[in-house]
Every structure is written in C-alpha cells, then in structure tokens.
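Residue numbers 233 to 938, in the working numbering, belong to the letters of the sequence shown in order. We treat Cβ as the ideally placed atom computed from N, Cα and C, and that holds for glycine. A quick write-up on the structure given underneath.
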Amino acid sequence: MNVWYRLHGARSSIVIKSCQHGLPEVVYWGKTLKSVSDDELAGLTDAVLTAGYLDQFPVLSIIPELGAGFHGEAGLEGHRQRQHWAPRFQVTAVETSDRELVFDARDEVAQLMLTIKVTMDTETDVVGFRSSLTNTADSEFLLHRLGNTVSLPAYADELLTFHGHWAREFVTGRQRWPANRVVKENRKGRTSSDAFPGIVAGTPGFSEQSGEVYGLHLAASGNHRLVAEKAVQGGRYIQAGEWLYPGEVALAKDESYSTPWLYGSWSGDGLSQMSLQFHRFLKKRLRLDVATQPRKVHFNSWEALYFSHEPKALLKLVDQAAAIGVERFILDDGWFRGRNDDTAGLGDWYVDERKHPGGLQYLIDAVNQKGMEFGLWFEPEMVNPDSDLYRAHPDWVLKLDGYDQVLGRNQMVLDLSRPEVFDYLYERIDSLLSQYRIDYIKWDMNRDLVQPGSAGVASVHRQVEALYRLMASINDAHPTVEIESCSSGGARIDFEILRYTQRVWASDCIDPVERQRLQQAYSIFFSNEIMGSHVSVEKAHTTGRSTNLMFRLMTSLYGHMGLELALDSLSADDETTVRQLLKYYKDNRTFFHTGDWIRVDTPESYLLCNGVVSTDKRRASFTIAALDRCDYLMPGRLRLTGLDPEKRYSLTAIHDPYAHHGQLRPNRTLAADAGIYSGDALMKIGIQLPVIDVASAIIYDLNVVE
Ligand code: DGJ
Numbered sequence: 233m234n235v236w237y238r239l240h241g242a243r244s245s246i247v248i249k250s251c252q253h254g255l256p257e258v259v260y261w262g263k264t265l266k267s268v269s270d271d272e273l274a275g276l277t278d279a280v281l282t283a284g285y286l287d288q289f290p291v292l293s294i295i296p297e298l299g300a301g302f303h304g305e306a307g308l309e310g311h312r313q314r315q316h317w318a319p320r321f322q323v324t325a326v327e328t329s330d331r332e333l334v335f336d337a338r339d340e341v342a343q344l345m346l347t348i349k350v351t352m353d354t355e356t357d358v359v360g361f362r363s364s365l366t367n368t369a370d371s372e373f374l375l376h377r378l379g380n381t382v383s384l385p386a387y388a389d390e391l392l393t394f395h396g397h398w399a400r401e402f403v404t405g406r407q408r409w410p411a412n413r414v415v416k417e418n419r420k421g422r423t424s425s426d427a428f429p430g431i432v433a434g435t436p437g438f439s440e441q442s443g444e445v446y447g448l449h450l451a452a453s454g455n456h457r458l459v460a461e462k463a464v465q466g467g468r469y470i471q472a473g474e475w476l477y478p479g480e481v482a483l484a485k486d487e488s489y490s491t492p493w494l495y496g497s498w499s500g501d502g503l504s505q506m507s508l509q510f511h512r513f514l515k516k517r518l519r520l521d522v523a524t525q526p527r528k529v530h531f532n533s534w535e536a537l538y539f540s541h542e543p544k545a546l547l548k549l550v551d552q553a554a555a556i557g558v559e560r561f562i563l564d565d566g567w568f569r570g571r572n573d574d575t576a577g578l579g580d581w582y583v584d585e586r587k588h589p590g591g592l593q594y595l596i597d598a599v600n601q602k603g604m605e606f607g608l609w610f611e612p613e614m615v616n617p618d619s620d621l622y623r624a625h626p627d628w629v630l631k632l633d634g635y636d637q638v639l640g641r642n643q644m645v646l647d648l649s650r651p652e653v654f655d656y657l658y659e660r661i662d663s664l665l666s667q668y669r670i671d672y673i674k675w676d677m678n679r680d681l682v683q684p685g686s687a688g689v690a691s692v693h694r695q696v697e698a699l700y701r702l703m704a705s706i707n708d709a710h711p712t713v714e715i716e717s718c719s720s721g722g723a724r725i726d727f728e729i730l731r732y733t734q735r736v737w738a739s740d741c742i743d744p745v746e747r748q749r750l751q752q753a754y755s756i757f758f759s760n761e762i763m764g765s766h767v768s769v770e771k772a773h774t775t776g777r778s779t780n781l782m783f784r785l786m787t788s789l790y791g792h793m794g795l796e797l798a799l800d801s802l803s804a805d806d807e808t809t810v811r812q813l814l815k816y817y818k819d820n821r822t823f824f825h826t827g828d829w830i831r832v833d834t835p836e837s838y839l840l841c842n843g844v845v846s847t848d849k850r851r852a853s854f855t856i857a858a859l860d861r862c863d864y865l866m867p868g869r870l871r872l873t874g875l876d877p878e879k880r881y882s883l884t885a886i887h888d889p890y891a892h893h894g895q896l897r898p899n900r901t902l903a904a905d906a907g908i909y910s911g912d913a914l915m916k917i918g919i920q921l922p923v924i925d926v927a928s929a930i931i932y933d934l935n936v937v938e
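Rendered as structure tokens:
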C-alpha cells in the first residue's frame with residue numbers, strides 16, 4: 233500500500249510516497265499543490281513495468297537500495313565483515329507534522345536501522361533531507377556511503393555546477409543534463425574552492441528571472457560526493473553525501489552515523505528567487521542581528537602589512553583607519569611566536585613579545601580608544617613543523633605512520649579528535665579571548681588534507697565534527713565574539729560552518745572584476761551581510777589588474793564592507809572618496825543587509841546586475857557593472873525586478889564621472905533629475921543603460937515617492 237505525505241511552504245510543496253517495498257521517494261517538488269488526492273497521485277505516477285527488466289520496480293527513493301535492484305548510485309553502501317552489503321529496508325513507523333516527516337525503517341537481516349528526515353521550512357520554502365543509520369548487531373558495520381537522493385522531473389534538464397580554485401572560487405558551468413553521470417567530488421577535507429557542494433537543475437535556459445529551478449546544497453565542511461544522473465529506468469536524481477575514505481566510519485553496536493543536511497530550494501521564477509529563499513533560511517539561523525548590530529566596517533592588516541607587524545606602523549594604521557571611518561581593526565597573520573613568514577609558528581598561540589613587547593594590550597587600547605573593535609587572526613587546526621608545539625608533540629598531527637607528511641603552505645594538520653589537542657586549542661583561544669578584549673576572530677584554514685589518519689584510521693569526518701565542537705565551545709564561552717570562516721579565502725563556506733560563524737571571507741581575490749563575478753555566483757546560496765568584501769589597492773595582489781577606486785568601493789558596498797590596503801597609498805582625493813563611500817555604506821547598511829539581495833538578468837552578458845530591495849519595496853538599489861565592452865553602440869534596456877508595480881520611484885544614479893574616460897555616453901538616467909517612474913514601467917520597459925567603461929559601475933537608487 234502506498235501512502236502519500238505532503239509538506240507545504242508558502243510557494244511550494246513536496247510530496248513523498250512511502251510504499252511497502254521500499255523507502256520513501258520524492259514524487260513531486262514544485263509549485264504549491266494542495267488539492268491533489270491520493271488517488272490522483274497514484275494514478276498519475278503509476279510506474280510502467282517494461283519487458284527486459286526486473287519484475288518489481290526499484291524505487292528511486294531518498295536512499296535508493298542496491299538490495300532492491302537500484303543499480304544507479306546506491307544511497308547506502310557498506311558491509312559487515314563482507315556480509316550485509318546489499319540491505320533492503322521496510323518502513324516501520326512514520327511521524328508527521330506540518331514541517332517534518334520522519335521515516336523509520338529496518339532491515340532485520342542486515343540488522344540495520346535507518347531514519348530518514350524530510351523537513352520544510354514553511355516561511356522560506358527551504359526543504360531539508362537528513363538520514364541516520366544505526367547498527368543493531370554485535371559486530372561492526374563498515375559504512376562506505378550514506379547519501380540523500382532527490383528525484384527530479386525530466387523537464388529539469390540543465391545543470392549548473394561549480395568549480396574554481398584558490399582566489400577564483402565559485403566559477404559556474406552550465407550543461408544539458410548528460411546521459412552520463414555527473415560527479416562532483418571533494419576529498420580535500422574542507423568544503424573546497426574547486427568543488428563547492430552545491431548544484432542547480434532547471435528547465436533549459438533558466439535565468440535569474442525565468443525558468444523552474446531546483447537548488448541543492450550539502451551543508452558539510454569536509455569531504456563530499458555529489459552525483460547527478462539519469463536513471464536507466466527513467467527519472468533522474470541528484471544525490472549528495474559525505475565522501476568517506478575506506479574504513480573511515482565503522483559503526484559498533486548501537487552506534488549511528490548521520491548524513492550532513494542536504495538543503496533544497498525550488499523556484500518557478502528563476503534562479504534569483506531560489507537564492508532568496510536560501511538567503512532567508514540562512515538569515516533565520518545565523519547568530520546575528522544586523523538590524524540592531526549593523527555590520528561594522530573592517531580594516532584587515534593582511535594586504536597592508538603581511539607578516540611585518542611593527543608596533544609603530546600598526547599604531548599609525550590604527551589612527552588612519554579610525555580617521556577614515558573604520559569600526560573594527562583586525563590583526564591578521566603574524567602576531568604570534570615565531571611567525572615572520574609562512575614557514576614557522578603555527579600552533580604557538582602566544583603573542584610574539586619580540587614584535588609586541590608586553591603583549592597586544594597597547595594595540596587593543598589604541599584601537600578601543602579610537603572607538604573601534606579589535607579582531608584577531610587564528611589558524612587553530614594547523615601546526616608548522618618549525619614550532620614549539622610540533623617539537624613537543626610531533627604525534628599530534630593527522631598522519632599515517634611510515635610516511636613523510638605532504639606539507640601544504642609548510643604546515644600540517646592537528647588531529648582535533650584527540651582530546652589533548654582539542655583541549656590545548658580551546659585553552660589557547662579561550663585564554664587569549666579572556667585576557668584581551670577581542671570582538672572578532674578570523675578563523676583561517678589554509679591547506680588540503682593528505683593522508684588524514686588518526687591512529688592509522690582515516691579521520692576527516694571526526695576532524696570536522698571536532699572542529700564544530702571546538703567552535704561551539706568558543707561560541708558558548710564567548711557568545712559576543714564573532715567568528716569569520718576563512719580558508720585560503722573561500723574554501724570553507726557552507727551552511728553548517730555558518731551555524732558557528734557569522735562571516736565568510738569569500739575569496740583572497742579582491743580584484744573587483746573578479747569579485748563582481750564571484751559575488752554573483754556566491755549569492756546563489758549565500759546572503760550578503762555575511763560576505764566579507766574588502767577594498768584593496770589599485771593593482772590587485774592576486775591578479776595584477778589595475779582598477780579604479782570607485783569601482784572597488786562599489787563592488788564591496790552590499791557585503792560586509794572592509795578595507796585591506798596600506799592606507800598611505802591613498803591620495804588626499806582617494807581618501808575623501810573612501811570616507812564618502814564608507815559613510816554611504818554606514819547610512820545604508822541596515823537596508824542593504826535586511827532587504828532582499830537579488831540578481832537581475834541583464835541585456836548583455838558583459839553586464840552584471842545585482843541589487844537590494846527593501847522588504848516593504850519602498851527602497852531599492854541596483855548595481856550594474858561592466859566587465860567588458862559592449863558589442864553594440866549601446867546596450868539594451870535593463871528590466872528591473874522585485875519592485876512594487878503600483879508604486880512610483882524616484883531614480884538617482886551614483887557613478888564615478890572620472891572612471892568613464894572614453895566610453896561614457898551619459899543619458900537621462902545619470903542626470904540629477906533622472907525622473908520618477910512606476911515600478912510597473914521599470915520592470916516592464918526597463919532602463920536604457922548608458923555606455924560605461926570596462927571595470928566600472930553605476931548604482932541606481934530608487935525611493936518611493938508619495
Ligand atoms: C589566507 C587568508 O585568506 C588571508 O586573508 C590571510 O588571512 C592569510 N591566510 C594569512 O596567512
């Protein structure tokens with residue numbers, strides 16, 4: 233007997249079928265579907281038993297079973313001393329509520345219990361999948377994989393995936409859903425910059441404002457495996473779970489393993505709406521209230537000083553930073569014992585008194601006296617072989633005995649699952665946070681894991697669990713301290729790390745041309761108030777490209793803004809511009825961070841547009857950036873989105889007249905009296921854009937007029 237379960241959000245529904253022979257299956261996920269009867273569902277979805285195939289159809293369930301004849305990517309793989317490698321479950325109990333379905337299932341032969349959870353966040357329409365496996369036998373069950381699987385409709389025939397690398401994160405790729413399996417795998421032990429655990433499937437040609445799209449994100453900060461496949465028996469699915477090393481998870485009697493959450497967002501109105509739902513979901517869970525605690529302007533010492541921490545220079549920077557409008561001063565890498573370059577010191581979390589005689593108090597006092605908060609950089613999970621910590625405890629690292637460890641940035645990874653390592657790190661961070669007034673931690677993690685063994689056993693899963701525990705302990709002991717997740721820039725950005733952190737460093741690349749592209753792709757899953765976005769010098773350190781100041785400032789405006797440059801390098805005019813734009817950020821940040829951050833389809837691919845619309849739709853701001861030259865004499869019209877068609881808006885443009893040396897052909901929209909327009913006209917007719925220079929931007933500010 234089939235039983236149908238439904239969860240409804242504000243704009244979407246998900247329908248799950250549970251049958252006697254098989255685990256629950258997603259049979260519908262899409263636009264709200266409230267009135268459909270069980271009979272209709274049964275009639276419309278009845279499977280066809282074809283010749284040349286099994287007599288019982290294997291269900292494309294949330295955990296598809298090899299033991300039931302599912303020959304695609306099985307949701308569960310493992311064995312017990314070479315037995316019980318093809319289990320088959322029977323659902324034994326179902327608990328339901330408006331927001332959650334919990335299916336309990338059992339395999340009496342393999343002596344395994346499985347729990348599958350499906351949730352719907354009814355305010356944001358984000359669905360969640362999580363499964364847990366429990367071993368009930370006396371002998372150990374070795375788990376290879378437990379991945380949640382979402383069956384998708386055939387019309388979702390185009391995939392959007394992510395790749396990239398250090399300083400070029402969140403590169404997107406589009407392809408028709410191929411006949412062959414698409415696999416995105418990460419074995420690097422951190423969320424990764426080259427295989428971000430997210431994927432979107434949608435109707436071919438989907439864009440920001442059109443098409444039906446399904447976004448899925450695995451909330452995991454270690455290894456993962458993501459598969460998109462057309463199943464041979466028809467249907468298609470995306471499966472996501474942790475990628476496990478051989479022997480990594482062994483369940484003793486009554487032990488359980490739970491998958492990371494797989495979150496999903498559906499939209500019938502294109503990608504931007506799908507993202508908005510993810511943003512709203514994330515905002516609900518963040519330990520952050522941007523309305524009462526506006527996001528402070530940062531100054532980060534890294535690109536200004538690198539490792540040369542010299543008190544006189546630091547104090548000068550503090551004065552300059554305060555004068556220009558900075559509100560939080562962050563001392564990056566280089567402050568602790570032995571840290572003069574990246575070859576030594578990691579692990580020795582004691583202030584280097586040779587650089588900072590008497591400790592950091594002098595600097596924190598200066599920062600606080602100027603009305604700023606103080607933040608400090610850590611990379612807790614790492615150790616340099618050239619450190620007192622490593623010399624005292626060479627056995628504290630993840631390793632496999634008998635091999636020389638492969639170093640990354642001259643460092644090794646501490647084994648956080650060892651209590652003595654965990655306690656040491658907790659003690660060091662806690663004591664510095666207790667001794668000094670530190671309001672913010674930049675928590676870095678700068679290498680991929682190789683041979684991550686703990687007592688010879690692969691230990692990424694346990695490492696990541698211990699990391700979450702360490703962060704949670706710091707959160708509990710120091711609830712007002714904000715943590716930023718940084719990992720060589722953007723290699724650890726995911727919904728799970730964001731349970732413990734309140735900011736992410738999106739990339740080490742601060743070149744605004746790169747950032748415009750990166751931020752658009754980042755925003756597919758993540759919101760702007762947590763996106764660290766800094767302004768650096770004219771010639772970007774990671775690309776060598778030179779860009780004008782106004783473009784750099786405009787590119788940082790909607791995120792959590794900061795400066796990361798030698799302030800001496802600014803001319804008097806530049807200083808005035810920075811001061812003005814920081815003031816503009818401060819005046820508008822509550823709107824930027826509480827409004828809806830959206831992306832807008834542009835008439836030409838060289839233009840990127842994103843903007844913020846306040847939730848009451850009385851205020852909007854759209855940034856249009858030109859990353860190349862126009863193929864035509866003028867670009868097409870830009871149709872805005874998210875406005876109230878009934879309201880009338882005044883239009884004001886912010887742009888840098890000096891940035892447009894050759895190309896600028898101003899039109900009415902750049903004039904002081906650009907006019908008043910209805911939301912309806914702005915969204916249907918659109919705005920004729922002026923021609924602007926490469927690597928420059930315009931911001932259109934819209935305010936409702938009564
Ligand atoms: C990598 C980070 O992404 C940078 O911002 C900086 O903090 C360095 N590490 C410091 O080593």
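Is the CB-CB distance between residue i and residue j below 8 Å?
i	j	result
Val184	Tyr477	The structure shown does not extend to residue 184, since the chain spans only 233 to 938, so no value can be given for it.
Ile856	Leu921	yes
Leu795	Phe531	yes
Leu520	Gln751	no
Leu665	His625	no
Arg243	Asp357	yes
Asn380	Thr277	no
Glu440	His456	no
Ala698	Ser649	yes
Ser453	Glu714	no
Val923	Arg897	yes
Looking at the structure shown, is residue i part of a helix, part of a strand, or coil, going by DSSP?
i	result
His825	helix
Asn707	helix
Ser666	helix
Asp876	coil
Leu476	coil
His625	coil
Gly496	strand
Ser964	A question about residue 964 goes unanswered here, because the residues of the chain that appear run from 233 up to 938.
Val529	coil
His693	helix
Ile661	helix
Arg731	helix
Met793	strand
Leu870	strand
Tyr260	strand
So the candidates are the options; which of them puts its Cα closest to the Cα of residue i?
i	options	result
Gly262	Glu728, Ile246, Gly685	Ile246
Gln465	Ala386, Leu503, Ser490	Ala386
Lys674	Phe610, Ser705, Val653, Gln252	Phe610
Met614	Asn572, Asp336, Thr368, Asp680	Asp680
Leu914	Asp905, Ile930, Leu875, Val923	Leu875
Asp339	Asn367, Asp330, Thr354	Asn367
Arg320	Leu902, Glu305, Ala337	Ala337
Arg362	Ala772, Ser269, Ala451, Lys587	Ala451
Glu479	Ala242, Thr873, Gly685, Val832	It is Gly, not Glu, that sits at residue 479 in the sequence shown. Here the closest residue by C-alpha is Gly685.
Asp175	Asp574, Gly566, Val599, Asp573	Outside the shown range of the chain (233 to 938) lies residue 175, about which nothing can therefore be said.
Gly590	Phe568, Gly607, Asp574	Phe568
Leu621	Asn780, Glu605, Leu657, Thr712	Leu657
Glu770	Leu870, Asn418, Ala798, Ile756	Ala798
Gln552	Thr901, Val810, Glu390, Asp618	Val810
Leu514	Glu716, Phe757, Asn707	Phe757
Arg694	Leu374, Arg400, Val268, Val481	Val481
Gly843	Ala804, Gln748, Asp863	Gln748
Ile295	Gln288, Asp287, Gly304	Gly304
Test item, CB below 6 Å from any non-hydrogen atom of ligand 1: Any heavy atom of ligand 1 counts here; residues with a Cβ closer than 6 Å to one of them, in chain order, are Trp534, Asp564, Asp565, Trp609, Asp676, Asn678, Cys718, Ser720, Gly721, Trp737, Asp740.
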